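For the working numbering, add 3 to where a residue sits in the sequence shown, where the first one is 1. Glycine is no exception: its CB is placed at the ideal position from the N, C-alpha and C atoms. Source: prediction; values computed, not measured. These notes are about the structure you will find just below.
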Amino acid sequence: MKIGNKNYQSIWIDDGDPSVVKVIDQQKLPFFFEIKELRSVDDVFTAIEDMTVRGAPLIGTAGAYGIYLATLEINSQTNIREHLSNAARYLISCRPTAINLSWAVKKVMDRLKDEHSPMELTKKALAAANEICEEEKENCRQIGKHGLKLIEDISLEKGGAPVNILTHCNAGWLACIDYGTVTAPIYLAHEKGIAVHVWVDETRPRNQGAKLTAYELGQNKIPYTLIPDNTGGHLMQQKLVDIVIVGSDRTTRTGDVANKIGTYLKALAAYDNNIPFYCALPSSSIDFSISDGVKEIIVEERNPEEVTHITGLAGGEILSVRICPEGTVAANYGFDITPARLVTGLITEKGICKATEKDIKKMFSYKIN
Ligand code: MRU
4 MKIGNKNYQS IWIDDGDPSV VKVIDQQKLP FFFEIKELRS VDDVFTAIED MTVRGAPLIG
64 TAGAYGIYLA TLEINSQTNI REHLSNAARY LISCRPTAIN LSWAVKKVMD RLKDEHSPME
124 LTKKALAAAN EICEEEKENC RQIGKHGLKL IEDISLEKGG APVNILTHCN AGWLACIDYG
184 TVTAPIYLAH EKGIAVHVWV DETRPRNQGA KLTAYELGQN KIPYTLIPDN TGGHLMQQKL
244 VDIVIVGSDR TTRTGDVANK IGTYLKALAA YDNNIPFYCA LPSSSIDFSI SDGVKEIIVE
304 ERNPEEVTHI TGLAGGEILS VRICPEGTVA ANYGFDITPA RLVTGLITEK GICKATEKDI
364 KKMFSYKIN
């Protein structure tokens, strides 16, 4: 996507020095546009943990490049197998909910399993990570094409009046390397001249909606309105939302969707108001091994300080301020699970399917052994 006149992805290998992975620092947006260099497994771990990089497809791709960087750390003293499996375990442990991280790290590790020469390991790891990166971009492009149809249909029904889309968190190009999952259909609709307007949930505690989705939509001249997380239900009752589209960090083979905390409440409100609730996701976010999202998906718990404090721009500096009495005990669950029965459909790179085991199986039979 373009920032100013320049095309960016949210992760890439440095042109001049292939031992450097570059990322856009999402902790600094929308206030400062800064690029960070990742040169080691530790750098990748920290960037994922502190959310310099975030969003399921992006953390998966970052993890894949992390294994590539691990191969560059090999020297004559290294026990290669031990070193690589430790790096894989370490990276996967970083954020537990999004399946993309373990999926991508395992995919790269699998490519390396019969290789022993450090040079070949590096070559293969880089090729596998680049492949994942390209695949995720292409997945988003396809999700865009399939999701566009939903927006087009609503626009037709409304006689061309703006289609009001509500989204939660950031499932845009920053989270997905390029295009985004939720945003790809929106960008395509806008390009096609279809009037759209996005209700952007601020997405406490880290405000990915306010900071990142608002930034992306603004850069792409998509009309949007920022709303506190509690506003969605009211807007839906007032018929001011035509469709809800969210992303996913892990979806079960039965269609239960784990996404940013607060998504479930939007799904309940959409259900009660008969508003279509779609989840846009690449198949790398589907965990075909599990069937009960509430029981089986591990929900990440993050530092309570993200709840007790809020971060923003003050006097040209990014500052954090406390918003509650000192010593307040806070809980910070990163994700929640929306049961499949509340999900109208899944927009995937292969098309739109119902959030049911039967339909998911049919669409992705080639991925299920
Ligand atoms: O904690 P984050 O910011 O990494 O969580 C990301 C999300 O939950 C997004 O909403 C998203 O839908 C999944 S990534 C496309």
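Ranked by Cα distance from Ile225, the first of Leu215, Val199, Ala164 is Val199. When distances are taken from the beta-carbon of Gly69 to the heavy atoms of the ligand MRU, even the shortest one reaches 7 Å or more. When DSSP states are grouped into helix, strand and coil, Gly258 belongs to the coil group.
Take the alpha-carbon of Leu220 and the one of Gly58: they are about 17 Å apart. If the five residues before and after Arg253 are omitted, its C-beta is found closer than 7 Å to the C-beta atoms of Thr100, Ala101, Ile102, Ala261, Ser288, Asp290, Ile300, all from its own chain and listed in chain order.
Placement of the Cβ of Asn233 at a distance of 7 Å or more from every heavy atom of the ligand MRU is found. Ile16 places its beta carbon 8 Å or farther from that of Ile157. Inter-residue distance for Glu329 and Glu309 is about 14 Å (C-alpha atoms, whole angstroms). Going by DSSP, Val297 is part of the alpha helix (DSSP H) stretching over 296-299. Distance from the CA atom of Leu271 to the CA atom of Ala358, rounded to whole angstroms, is 15 Å.
Every unbroken stretch of the alpha helix (DSSP H) spanning 4 or more residues and falling wholly within the segment 91-119 is given here in chain order: 102-115. Using a C-beta cut-off of 8 Å, the segment 312-330 makes no contact with the segment 341-357, since fewer than three inter-stretch Cβ pairs fall below that distance. The beta-bridge partner set that DSSP reports for Trp202 consists of Leu169, Thr228.
Counting C-beta atoms within 10 angstroms of its own C-beta, Thr331 has fewer than 16 neighbours from the protein chains shown and is therefore classed as exposed.
A check of alpha carbon separations from Ala67 across Pro33, Gln80, Asp113, Asp28 identifies Asp113 as the nearest. Remark: C-beta atoms of Pro285 and Pro21 do not approach each other more closely than 8 Å.
Using a 10 angstroms sphere on the CB of Gly265, the tally of other CB atoms reaches 16 or more, which defines it as buried. Taken through DSSP and simplified to helix, strand or coil, Cys356 comes out as strand. For Ile168, same chain residues with a beta-carbon under 8 Å away, outside a window of 5 residues either side, are Ile154, Ile189, Val199, His200, Val201, Trp202, Val244, Asp245, Ile246, Val247, Ile248 in chain order. In this structure, the beta-carbon distance from Thr64 to Ile135 falls below 8 Å.
Sequence-distant partners of Glu52 (beyond 5 residues in either direction) whose C-beta falls short of 6 Å from its own C-beta, in its chain, are Cys97.
If you look at Phe48, you'll find it in the alpha helix (DSSP H) that goes 44-52. Linking Leu115 to Met54 through their CA atoms gives a straight-line distance of about 28 Å.
For Thr341, same chain residues with a beta-carbon under 6 Å away, outside a window of 5 residues either side, are Val260, Thr266, Tyr267, Ala270 in chain order. Between Phe338 and Glu303 the beta-carbon gap is near 6 Å, inside 8 Å, which marks them as a contact.
A direct Cα-to-Cα measurement between Phe36 and Thr257 gives close to 39 Å.
Counting of Cβ neighbours within 10 angstroms places Arg209 among the buried residues, the total reaching 16 or more.
Non-local beta-carbon contacts of Tyr93 in its own chain, meaning distances under 8 Å to residues more than five positions away in sequence, involve Val44, Phe48 in chain order. Every alpha helix (DSSP H) stretch that sits fully inside the segment 272-357 and reaches 4 residues is listed by chain position as 296-299, 308-311.
Distances from the CB of Ala59 to the heavy atoms of the ligand MRU include at least one below 7 Å. Taken through DSSP and simplified to helix, strand or coil, Arg253 comes out as strand. Contact between the segment 133-150 and the segment 115-125 is absent: fewer than 3 CB-CB pairs across the two stretches fall below 8 Å. Looking at the backbone, the Cα of Lys242 and that of Gly296 are separated by about 30 Å. Of the candidates Cys327, Tyr218, Gly250, Tyr218 places its Cα closest to the Cα of Gly7.
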